[in-house]
Each structure stands twice: as C-alpha cells, then as structure tokens.
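Reviewing the structure listed below.
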Amino acid sequence: MNLIEMLKAALFGLVEGIAEWLPISSTGHMILLNELMPLGGSEGFYSLFEVVIQLGAIMAVLAIFWDRVWPFGRRDNPEPAGEGLLAWVKLDRIRLWLKIALACVPAAVVGILFDDVFDRLFHNYVCVAVALIVFGVAFILVENLRKGHKPSIRSLDALDARTVALIGVFQLLAAIFPGTSRSGATIVGALMLGVSRTVAVEFTFFLAIPVMFGASLLKLVKYEGFITRQEFMLLAVGMLTAYVVSELAIRRLLNYVKKHNFKVFGWYRIALGVAVLAFFTIRNAG
-7 MNLIEMLKAA LFGLVEGIAE WLPISSTGHM ILLNELMPLG GSEGFYSLFE
43 VVIQLGAIMA VLAIFWDRVW PFGRRDNPEP AGEGLLAWVK LDRIRLWLKI
93 ALACVPAAVV GILFDDVFDR LFHNYVCVAV ALIVFGVAFI LVENLRKGHK
143 PSIRSLDALD ARTVALIGVF QLLAAIFPGT SRSGATIVGA LMLGVSRTVA
193 VEFTFFLAIP VMFGASLLKL VKYEGFITRQ EFMLLAVGML TAYVVSELAI
243 RRLLNYVKKH NFKVFGWYRI ALGVAVLAFF TIRNAG
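Read in the numbering used here, the sequence shown has 32 at position 40, and its numbers run on one by one without any break.
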C-alpha cells in the first residue's frame, strides 16, 4: 500500500468535505489539486474517485439531519384518522421529500441523458474558471440587490411548488457546467426567489442527498474498469475524510449564514477562477 497515495486521497477528501458544502465549487478545487498532485490509479479512475468520495460527504448530512429527513416513526400527536400505520408516518417529512424530488427532476433527467456529453464539452479548465467567476459575481450582485429586503420565505414549510421547481432549474446549471457549484447554484437561485439564507442552505443540503447518491451510482454503473485493492483503499480513505470534514463544514456554514452574507464566497470564487485561468495559461505557455 502506497502511503503517499493514501495521504493524497485524504487531502482530496479534505478538499471535498469543505468545498462541497461551501458555495465555492468542489470541481474547481479538485481540478487544481489533481494537476498539482495527480492521484494514482488506473486510467479513468480519478473521474470515478472525485464523484464517489461525495458519498462520504453526504453521509455527514444524513448524520446531522437524520431526525429532520427520516419520514418514519411514531408521531407525538397523531390525528384520530391517522391511527394505525399512518401514525408512524411523519407527514411534514413526506412533504419535504416531495419538494426535494420536484427540485431534483430537471438535473436528474438531463444528467441521465446527457452526463457524458456535458463532461466532454464542459469539463475543462476554461469552462470551470468562467463558471467560478460568473457565479462569484452573481453572489455579490444578489446580496447587493437584496440588501435591506426581508426574505419572503423563512421556513422549509413555506417553500411552495413553484419556488422549489425554480430552485431545481438553478441546480440544473451545476449539472451542466462544472465549476458552477451545486450548492452555489441552488443558494443563488433560492436567494433570488426570496428565500432566507438559512432556509436556502438547509434545502441545498437536503437536495444533495438524492443528487449525490444518484451521481455516484451513475458513475459506478458506467465505470468500465476493474477497481483494484489499492484503488478501493483510496476510495475508502477519501470518503472517510470527506465525512469527518463535512461534519465540521456543515455546522460552521449553518452558524455563519445566521450572521453573515455570501459576498466573501463570491470574491473567493472570482479569485479562484482567475487563479485557474492563470495556472493553466502559464503551464500551457511553458
């Protein structure tokens, strides 16, 4: 077992655990990191690795929010008509999952049909850098425009079908353009629609559960290579690290948005996008 490769996998997991939840694009960070220190493994393994380690990150969401997303269990005060099996179904959780399912439809349909096409067309440093910069500017503009305006949607229960569907359209941008950031796209979209920062972030976390599970499953199904013991260990280390770091990142972000806006992430995205362009331009010129 190569210790250096294990340490690299842990570093990738660290970056994934932070960048997946902050609206700063895990893809942009992964591209730079893999250029600076390529991860070992067979040809095509890295494209599998960078998606599958997301499972570690999503397990952190389930661990933190389990009580808020698991729809089964005895209700404290079941209605008379809800005795029997229905008394063990938490209707507010069911409504939440229906909203999540509705928001996931656009990205799921397009991803299943055109995932390989989008990877081929847009998974390059120019598109990633442009997406980083454009959505960085979007964060700053949205925060400036909504300054002084109270959000009209301040709870998950207040999210209506129209708002959820439109958030799903914004999430679609992340499925098409790497570097957009799934969390970044959904948060920007939610803020533009009058959703509070806290609700936007929480709904983004919940949306990640089916999206990231689905993306990982799709990559595993399409992977044509054979995963060696070494590669399996790299996946395990990356996922475990992503899980631990995600626990910390999610809790910190929830606390942060209660008192601050997202402008700092916008400026960071712009700086990272410029850094990506500069790095590859200098490397290619050499």
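Just so it is clear, CB atoms sit at the ideal spot from N, CA and C, and this is done for glycine as well.
- Report buried or exposed for residue 72, applying the criterion of at least 16 other Cβ atoms within 10 angstroms of its Cβ. Confidence at residue 72 is low in this model, with a pLDDT of 49, below 50, so the placement of that residue is unreliable and no value is reported for it.
- Tell me whether the beta-carbon of residue 257 lies closer than 8 angstroms to the beta-carbon of residue 23. Contact: no.
- Between which two residues does the alpha helix (DSSP H) carrying residue 296 extend? In the structure displayed, the chain extends from -7 to 278; residue 296 sits before or after that span and is not available.
- Cβ-Cβ separation, residue 160 to residue 96 (assumed contact under 8 angstroms), whole Å: 6 angstroms
- Message: Is the beta carbon of residue 241 closer than 8 angstroms to that of residue 10?
- Response: yes
- Own chain, CB closer than 6 angstroms to residue 34, minus 5 neighbours either side, in chain order: 217
- Message: Measuring only the C-alpha atoms, how far is residue 224 from residue 46?
- Response: Whole-angstrom Cα-Cα distance: 15 angstroms.
- Query: Taking just the CA atoms, how far does residue 204 sit from residue 38?
  - Reply: CA-to-CA, the gap between residue 38 and residue 204 works out to about 17 angstroms.
- Item | Identity of the residues DSSP links to residue 131 by a beta bridge | The partner list for residue 131 (beta bridge, DSSP) is empty, contrary to what the question assumes.
- Item | Reference residue 7, options 249, 232 and 273, closest by Cα | Among 249, 232 and 273, the Cα nearest to that of residue 7 belongs to 232.
- Item | Completely contained alpha helix (DSSP H) runs for the stretch 180 to 264, where each covers 4 or more residues | 189 to 214 and 221 to 249
- Decide if residue 252 is buried, meaning its Cβ has at least 16 other Cβ atoms within 10 Å, or exposed. Classification for residue 252: exposed.
- Query: So, residue 198 versus residue 50, is the Cβ gap smaller than 8 angstroms?
  - Reply: no
- Just the C-alpha distance for residue 221 and residue -6, rounded to the nearest angstrom, thanks. 11 angstroms
- Query: Which value, in whole angstroms, describes the spacing of the CA atoms of residue 139 and residue 13?
  - Reply: 24 angstroms
- Message: Between the alpha carbons of residue 85 and residue 94, how many angstroms are there, rounded?
- Response: 14 angstroms
- Can you give me the start and stop residues for the alpha helix (DSSP H) that residue 51 sits inside? For residue 51, the enclosing alpha helix (DSSP H) stretches over residues 46 to 61.
- Message: I want to check one thing, is the minimum distance from the CB of residue 194 to the heavy atoms of the ligand GDP below 7 angstroms?
- Response: Here there are no bound small molecules, and the ligand GDP is not part of this structure.
- Assess, as a yes-or-no matter, whether the stretch 120 to 136 is touched by the stretch 261 to 272 under the definition of 3 or more beta carbon pairs within less than 8 angstroms. Yes, they touch.
- Pair within 8 angstroms by beta-carbon distance, residue 210 and residue 1: Not in contact: residue 210 and residue 1 (Cβ atoms no closer than 8 angstroms).
- Query: Using the rule of at least 16 other Cβ atoms within 10 Å of the residue's Cβ for burial, across every protein chain shown, is residue 36 buried or exposed?
  - Reply: Counting every other CB atom within 10 Å of its CB across the protein chains shown gives residue 36 a total below 16, marking it as exposed.
- Determine the direct distance from the alpha carbon of residue 274 to that of residue 245, and round the result to whole angstroms. 34 angstroms
- Task: Starting from residue 89, follow the alpha helix (DSSP H) in both directions and report where the run begins and ends.
- Result: If you look at residue 89, you'll find it in the alpha helix (DSSP H) that goes 83 to 114.
- Item | Rounded Cβ spacing between residue 19 and residue 170 (contact assumed at less than 8 angstroms) | 4 angstroms
- Query: The alpha helix (DSSP H) spanning residue 64 covers which residue range?
  - Reply: Unbroken run through residue 64: none, as it is neither H nor E.
- Query: Which residue from 61, 176 and 200 puts its Cα closest to that of residue 132?
  - Reply: 176
- Message: I need the straight-line Cα distance from residue 237 to residue 247, nearest angstrom please.
- Response: 16 angstroms
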